[in-house]
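*Asks:* The structure follows.
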Amino acid sequence: MQAETIDHPLHESARWETPALDLEAYLARVGYRGDLTPSLETLKALQQAHLAAVPFENLEIITGGEIRLDLESLQDKLVRRRSGGYCHEQNILFATVLDRLGFDVEGRSARMLMGDDERVVTPLGHTMLVVKVAGRDWLIDVGVGNIGPREPILLEAGNEVSHGPWEYRLERSPLGYWLLRHRRHGDWFNLYQFSDEPYYRADFAEYNYLVSHHPASPFVRRIVAQHNGAELRLALTDLELKVFRPGSEPELHQIAAGELAGVLHERFGLKLTPEQESILLRRAETLAETSSEGEQLGT
144 MQAETIDHPL
154 HESARWETPA
164 LDLEAYLARV
174 GYRGDLTPSL
184 ETLKALQQAH
194 LAAVPFENLE
204 IITGGEIRLD
214 LESLQDKLVR
224 RRSGGYCHEQ
234 NILFATVLDR
244 LGFDVEGRSA
254 RMLMGDDERV
264 VTPLGHTMLV
274 VKVAGRDWLI
284 DVGVGNIGPR
294 EPILLEAGNE
304 VSHGPWEYRL
314 ERSPLGYWLL
324 RHRRHGDWFN
334 LYQFSDEPYY
344 RADFAEYNYL
354 VSHHPASPFV
364 RRIVAQHNGA
374 ELRLALTDLE
384 LKVFRPGSEP
394 ELHQIAAGEL
404 AGVLHERFGL
414 KLTPEQESIL
424 LRRAETLAET
434 SSEGEQLGT
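Residue numbering for the sequence shown follows this note's numbering, starting at 144 and increasing by one per position.
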């Protein structure tokens, strides 16, 4: 007797592209050899492995490429070519991995604050995740640069956690959103706020196109590479590298144009193609010239 075919309750547009995932290649990319049971311990370990291996960066945009969010493109870029990416790329790939392992994972879209008052209404557009484990919802984000959480955070107002030396707090904002805050220099710094409304691949594609093409987008205007480490965090913006250590003021390093490719490789693990190196060198030389002219003019 032929088995009855049961339709999936959700249309494919509401699901992750899980069947096409090369799980073994992803696990090798992030160096994860631990348990794959869909538990909180696995979720935490995978998040930390991903953050250790995959940097946050926008070099595809800066060097004239196109950011694509279909799974094949994400696997080619972040896994096979060992590049990094920004929030849409990283969290979509991570969500697909989690879905494959049996986690209940939903997409969310946050309003980035980055220090703004929580009463300020900023645009939607930051992709992050909510994962249900043992009946409880946890905030997961592997795509918020060098400042984001390194472990799952239980969605519970007033929840204050330490991820190693880095501290976070989840509250409810006056607008009724979840509000994620990070302790910096003794004060709570607003990262972003988000609702319980799920978002899908179609939503992320719209946000991705805007942030990768709009002339006012920081990812169009600047070279960006960041790393969210356990004890050390890095943030490269154009020719300025900041090094963050817990409880200390950031160290500031100015980079010469010719050093940029080496810094991206040595500090962020990014191997550029010759064409990317050439484009970045020209852009860096222009930045250096502009900075020099500004100093001469006293600006």
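Cβ coordinates follow ideal geometry from the N, Cα and C atoms, glycine included.
According to DSSP, valine 363 sits in a beta bridge with which residue or residues?
*Replies:* Partner residues in a beta bridge of valine 363, as assigned by DSSP, do not exist.
*Asks:* For the beta strand (DSSP E) containing alanine 300, name the first residue and the last one.
*Replies:* Element bounds for alanine 300: n/a, residue is neither H nor E.
*Asks:* Give the secondary structure of serine 182 by DSSP, where H, G and I count as helix, E and B as strand, and everything else as coil.
*Replies:* coil
*Asks:* Looking at the strands, I want to know which residues DSSP matches up with leucine 313.
*Replies:* Asn302 and Leu323
*Asks:* Suppose contacts are defined by Cβ-Cβ distances below 8 Å. Is aspartate 247 in contact with tryptophan 159 by that definition?
*Replies:* no
*Asks:* For the beta strand (DSSP E) that glutamate 294 lies in, which residues bound it at each end?
*Replies:* It is not in any beta strand (DSSP E) - glutamate 294 carries neither H nor E in the DSSP assignment.
*Asks:* For threonine 206, name the three-state secondary structure that DSSP assigns.
*Replies:* Threonine 206 falls in the coil class under three-state DSSP.
*Asks:* In whole angstroms, what is the alpha-carbon distance linking alanine 368 and leucine 407?
*Replies:* Taking the straight line joining both Cα atoms gives about 8 Å.
*Asks:* DSSP has lysine 275 in a bridge; who is on the other side?
*Replies:* Asp247 and Asp280
*Asks:* Note the first and the last residue of the continuous beta strand (DSSP E) segment covering alanine 378.
*Replies:* Counting along the chain, the beta strand (DSSP E) containing alanine 378 begins and ends at 376–380.
*Asks:* If you check the beta carbons only, do leucine 236 and arginine 344 fall under 8 Å apart?
*Replies:* no
*Asks:* What's the gap between the Cα of tyrosine 288 and the Cα of proline 198?
*Replies:* At residue 288 the sequence reads glycine, which differs from the tyrosine that was named. Each residue's alpha carbon lies about 8 Å from the other.
*Asks:* Which class does threonine 442 belong to by DSSP, given the choice of helix, strand or coil?
*Replies:* No answer about threonine 442 holds up, because its pLDDT of 47 lies below 50 and its placement is not dependable.
*Asks:* With H, G and I counted as helix, E and B as strand and the rest as coil, what does DSSP make of valine 481?
*Replies:* Here the chain covers residues 144 to 442 and nothing more, so residue 481 does not appear.
*Asks:* With which residues is arginine 425 paired in a DSSP beta bridge?
*Replies:* According to DSSP, arginine 425 bridges with nothing at all.
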